[in-house]
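**Q**
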Amino acid sequence: MIRDSFYDYLLLVKRYSLHTLNAYKTDLLQFQEYCDNSYNLTDDTRVTYPIVRSWLASLVDSGLSARSINRKLSSLKVYFRYLLKEGFISENPLLRATSLGMPSRLPVFVSRNEMASVLHESNGKISFNERRDMLIVEILYCTGIRLSELINLRLNDLDHAAATIKVTGKRNKQRIIPVTPSLIALIDEYIGLRSGIVSPGVSEIIVTDQGKKAYPVFIYRKVSRALEAAGVKGRRSPHVLRHTFATHMLNEGADLNAIKELLGHSSLAATQVYTHISIEKLKSIYKLAHPRA
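Next comes the structure, spelled out in structure tokens:
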């Protein structure tokens, strides 16, 4: 039922990544299987809103989280908008479909004191691996870039004269992020050690012990171990450092629009969640300090 031309559209026109494409395939094939098993329906032009509503109800009954259900619904909406745009259908059966309400969840971040422990400089000479592991945390915290953006960060993306790095984000959108002289010095020191390790043809800054391009699990483990060693509780991931960057910037008075640009968010709504963290911080200070609180 799901048309292969839709996947070509996502890959070639929308320029979605293979990871995103596979997520769409998983969601849509699940819907296709439901239509086939429950309604003996194999024609996407005959899908109706009651069928979609029935599918969503089955997902709720299965115990799936609201976040996961909304993602599947979003995939389905994109697919039927495509069918309408291409003239396969004359009416979109998902116009009345609405996302499930979700409890608000504030981003997890590391406190300033904890980050000071994480970034504590070791005394004496350190190895290539130790320098690289420290640099991974430094870059993520000092720039707020995503895990995937760090993995793809190349040597020529660093501009020493301008003290900036060029980051390629989602959908190949590029942005320029300022970096501190101390971070540039750390990168240069690391690159000097990297030259004796790196495999031929590898231009990415962060490499594995064998000198190859880093991969997501590799970066995740390095960050998790660094945060754990400093006594950080709860979630310990590269994305936590991204949240920490944004939260600390906002708490120090950075403009919300500036943080949006640094994070590479497409809309301000995605950035505004960090204002809630600051409000929660003010509430805790108020409760501790005010006599009537």
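Be aware that the sequence shown starts at 1, since it is given in full-length UniProt numbering, and climbs by one per residue.
Cβ coordinates follow ideal geometry from the N, Cα and C atoms, glycine included.
Keep in mind the model is a prediction, meaning the values are calculated, not measured.
For S75 and L11, what's the separation of their Cα atoms in angstroms?
**A** Rounded to the nearest angstrom, the two C-alpha atoms are 14 Å apart.
**Q** By how many angstroms is the C-alpha of S54 removed from the C-alpha of I176?
**A** Cα-Cα distance, rounded: 46 Å.
**Q** Does the stretch 241–261 come within contact of the stretch 109–119, defined as at least 3 CB pairs closer than 8 Å?
**A** Contact holds: three or more Cβ-Cβ distances are below 8 Å.
**Q** Quick one: measure Cβ to Cβ for A230 and S68, integer angstroms, because I've assumed they're closer than 8 Å.
**A** That pair is no contact at about 32 Å.
**Q** Inspect the CB distances between the stretch 133–149 and the stretch 174–193 and report whether three or more fall short of 8 Å.
**A** The stretch 133–149, when compared against the stretch 174–193, does touch it at the 8 Å Cβ threshold.
**Q** Where does L158 sit, in a helix, a strand or coil, going by DSSP?
**A** It is a strand residue.
**Q** Three-state secondary structure (DSSP) at E138?
**A** Helix, per DSSP.
**Q** Suppose you measure from the CA of S203 to the CA of Y220; what does that come to, to the nearest Å?
**A** S203 and Y220: Cα-Cα distance of roughly 21 Å.
**Q** Of the choices Y79, H243, V223, whose alpha-carbon is the least far from that of V52?
**A** Looking at the Cα atoms, Y79 is the closest of the given residues.
**Q** Would you call Y215 buried or exposed, if buried means 16 or more other Cβ atoms sit within 10 Å of its Cβ?
**A** Looking at its Cβ environment, which holds fewer than 16 other Cβ atoms inside 10 Å, Y215 is exposed.
**Q** Residues in its own chain within less than 8 Å of Y7 by CB, not counting five upstream and five downstream?
**A** Excluding positions up to five away in sequence, the list reads L21, Y24, K25.
**Q** Given C35, which residues of its chain have a CB within under 8 Å of its CB, disregarding the five upstream and five downstream residues?
**A** M1, L41, T42, V47, I51, W55.
**Q** What residue range does the alpha helix (DSSP H) around P216 cover?
**A** It spans 216–229 - the alpha helix (DSSP H) in which P216 sits, taken as one unbroken run.
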